[in-house]
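Participant:
Protein chains in written order, with our numbering: chain P, 265 to 382; chain D, 14 to 363.
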């Protein structure tokens with residue numbers, strides 16, 4: 265029987281996030297709550313409220329931009345994400361928008377660094 | 014001086030609904046917003062996106078939500094100061110407040126309700142060294158008067174609608190228009206993209222992509238920009254450089270109003286009435302914070318409703334009042350309109 269929540273945390277994966285101060289955090293991220301990476305950062309308060317997820321997660325600002333440091337194969341960017349990154353600042357080859365990265369079990373061990381605040 | 018009962022800073026959904034709740038209490042409202050149109054983020058960022066958590070609306074477009082709110086508050090004849098940012102607040106001897114905007118418009122009210130969302134929308138500035146030193150000396154983030162660019166050499170950067178639209182518009186005004194974007198693809202409206210393509214083919218717009226402006230050239234006044242495209246670095250002479258990268262909200266001057274700020278938001282007394290540390294100043298919607306705060310439109314509506322009851326008591330401390338249901342009391346507009354539930358018809362059986 266599949267319910268909304270299982271009582272154990274077996275769906276959690278580990279993600280390493282380097283915040284804007286350069287501090288490294290390893291956090292547990294649930295794969296069963298339809299969360300994205302930007303929301304994980306907010307849930308652990310790794311960036312001040314109002315400086316991340318400003319548009320709410322619609323790929324319409326770049327406040328959740330991060331650099332992917334591990335070699336995980338992530339889903340390709342949508343046109344929206346691609347377009348937003350083409351107008352974002354401090355963009356690198358490995359830039360992604362955290363709000364467009366939905367937490368999935370194959371992201372276990374992912375390592376990202378938050379891009380500087382604009 | 015514009016005088017009103019409740020001065021609302023921010024014309025987003027929460028600010029707009031405040032007009033309705035205040036109107037039921039016969040209180041007049043005036044709204045100030047930095048954007049040129051009402052609706053806040055709903056109009057500016059995502060008018061065509063659906064919202065699914067407005068009670069009793071299984072789905073509604075953000076733009077339609079704003080239109081509906083405007084219709085709902087119409088009988089209460091709110092005033093609007095749009096396209097002006099609320100800059101300063103001064104408490105008067107009689108306990109009222111005077112709020113002055115970026116254009117010097119003054120507003121006076123006994124109650125100020127800050128419904129400023131994430132702040133006022135301001136242009137995103139690209140991180141180019143010394144760019145801020147050239148602001149209004151050839152670097153502009155917003156085009157206020159296109160005539161400024163008559164017969165001038167203009168460089169625009171950006172890939173959205175405003176970069177495309179202004180590039181198109183300025184071809185008839187400026188002596189030269191150069192458009193720079195980091196990609197070959199543009200995300201603006203299709204007909205704008207096609208128009209730019211036409212103008213490029215006709216030699217009226219110089220398009221440089223994929224490219225980026227990396228430096229500003231000039232002493233006191235802008236003389237040109239450095240453009241990096243691939244491995245090439247070009248110095249391009251120009252009179253104006255206009256980066257058009259859209260708008261982002263910043264808390265802005267409100268942060269200096271003496272209000273208690275926490276997590277980029279204004280602390281309020283949520284157990285009571287969403288009042289701030291300054292009596293008579295309330296903060297509602299996304300701009301406030303309290304334990305358990307959720308930045309949702311529906312929470313903003315609730316906060317606006319509670320706040321108006323408290324504002325009424327502040328303005329009329331000696332009057333007794335109980336909240337009335339609109340189904341019972343109807344809605345009496347300040348414009349003389351009256352909406353009310355139809356009366357039951359009683360008919361005898363003979």
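Cβ coordinates follow ideal geometry from the N, Cα and C atoms, glycine included.
#1: Note down, in chain order, every chain D residue with its Cβ under 7 angstroms from the Cβ of residue 325 (chain P).
#2: For chain P, find out if any of its Cβ atoms is closer than 7 angstroms to the Cβ of residue 258 (chain D); answer yes or no.
#3: Per DSSP, what kind of secondary structure is residue 258 (chain D) in: helix, strand or coil?
#4: For residue 121 (chain D), which option in D:104, D:172, D:220, D:136 has the closest C-alpha, if you only look at C-alpha atoms?
#5: Could you check if residue 371 (chain P) is buried or exposed, using at least 16 other CB atoms within 10 Å of its CB as the buried criterion?
#6: On a Cα-Cα basis, can you pick out the residue from P:367, P:302, P:328, P:339 that is closest to residue 296 (chain P)?
#7: Could you check the C-alpha separation between residue 127 (chain D) and residue 174 (chain D) for me, to the nearest Å?
#8: Going along chain D in order, which residues have a C-beta closer than 7 angstroms to the C-beta of residue 322 (chain P)?
#9: Can you tell me the Cα-Cα spacing of residue 276 (chain P) and residue 375 (chain P), whole angstroms?
#10: 7 angstroms is my cut-off, CB to CB: does residue 347 (chain P) come that close to chain D?
#11: For my contact list, residue 86 (chain D) and residue 73 (chain D) are in at a C-beta cut-off of 8 angstroms; report their separation, rounded to the angstrom.
#12: Counting only the same chain and skipping the five closest in sequence on each side, list residues whose C-beta sits under 6 angstroms from that of residue 40 (chain D).
#13: Three-state secondary structure (DSSP) at residue 26 (chain D)?
#14: What's the C-alpha gap between residue 347 (chain D) and residue 322 (chain P)?
#15: Per DSSP, what kind of secondary structure is residue 181 (chain D) in: helix, strand or coil?
#16: Below 8 angstroms on the Cβ atoms is my contact criterion, and I expect residue 254 (chain D) with residue 226 (chain D) to pass it. Report the Cβ-Cβ distance as a whole number of Å.
#17: What does residue 173 (chain D) reach in chain P if we use C-beta pairs closer than 9 angstroms?
#18: Near residue 373 (chain P), which residues of its chain fall below 7 angstroms by C-beta distance, leaving aside the five closest residues on each side in sequence?
#19: Figure out for me which residue from D:163, D:340, D:113, D:256 has the closest Cα to the Cα of residue 16 (chain D).
#20: Secondary structure at residue 315 (chain D), three-state DSSP: helix, strand or coil?
#21: Going by C-alpha to C-alpha distance, which of P:345, P:365, P:306, P:324 sits closest to residue 337 (chain P)?
#22: Measure the C-alpha to C-alpha separation of residue 244 (chain D) and residue 282 (chain P) and round it to an integer number of angstroms.
#23: Does DSSP put residue 294 (chain P) in a helix, in a strand, or in coil?
#24: Taking only the alpha-carbon atoms, compute the straight-line gap between residue 157 (chain D) and residue 221 (chain D) and give it to the nearest angstrom.
#25: So, is the C-beta of residue 362 (chain P) closer than 7 angstroms to a C-beta in chain D?
#26: Which residues in the same chain as residue 129 (chain D) place their Cβ atom closer than 7 angstroms to its Cβ, once the five residues preceding and following it in sequence are excluded?
#27: Mind checking which residues open and close the alpha helix (DSSP H) that includes residue 213 (chain D)?
#28: Counting only Cβ-Cβ distances shorter than 8 angstroms, please list the residues of the stretch 283-299 of chain P near chain D, keeping chain order.
#29: Taking only heavy atoms of the ligand SAH into account, decide whether any of them is closer than 6 angstroms to the Cβ of residue 128 (chain D).
#30: For residue 274 (chain D) and residue 359 (chain P), I'd like the C-alpha separation in whole angstroms.
#31: Name the chain P residues whose beta carbon is nearer than 8 angstroms to that of residue 277 (chain D)?
#32: Rank P:292, P:294, P:361 by C-alpha distance to the C-alpha of residue 330 (chain P) and give the top, closest one.
#33: For residue 55 (chain D) versus residue 29 (chain D), is the C-beta spacing smaller than 7 angstroms?
#34: Within 7 angstroms (strictly less), CB to CB, does residue 319 (chain P) reach chain D?
#35: Listing by chain order, which chain D residues have their CB less than 8 angstroms from the CB of residue 354 (chain P)?
#36: Which stretch, first to last residue, makes up the alpha helix (DSSP H) that contains residue 340 (chain D)?
Facilitator: Let me spell this out:
#1: 261
#2: Judged by the 7 angstroms Cβ criterion, residue 258 (chain D) is in contact with chain P.
#3: coil
#4: D:104
#5: buried
#6: Residue P:367 holds the alpha-carbon nearest to the alpha-carbon of residue 296 (chain P) among P:367, P:302, P:328, P:339.
#7: 31 angstroms
#8: 59, 62
#9: 15 angstroms
#10: yes
#11: About 17 angstroms; that fails the 8 angstroms criterion.
#12: 18, 19.
#13: helix
#14: 39 angstroms
#15: helix
#16: 7 angstroms
#17: Against chain P, the beta carbon of residue 173 (chain D) has neighbours under 9 angstroms at 347, 351, listed in chain order.
#18: 278, 334
#19: D:113
#20: helix
#21: P:365
#22: 31 angstroms
#23: In the three-state reduction of the DSSP assignment, residue 294 (chain P) falls in the strand class, which pools E and B.
#24: Residue 221 (chain D) has its alpha-carbon roughly 25 angstroms from the corresponding atom of residue 157 (chain D).
#25: no
#26: 22, 23, 267, 300
#27: 203-214
#28: For the stretch 283-299 of chain P, the set of residues with a beta-carbon nearer than 8 angstroms to any beta-carbon of chain D is empty.
#29: Of the ligands one can find in the structure shown there are none, so the ligand SAH has no counterpart to examine.
#30: Distance between the alpha carbons of residue 274 (chain D) and residue 359 (chain P) is about 32 angstroms.
#31: 312, 313, 314, 315
#32: The residue with the shortest Cα to Cα distance from residue 330 (chain P) is P:361.
#33: no
#34: At least one chain D Cβ lies under 7 angstroms of residue 319 (chain P).
#35: 140
#36: 339-342
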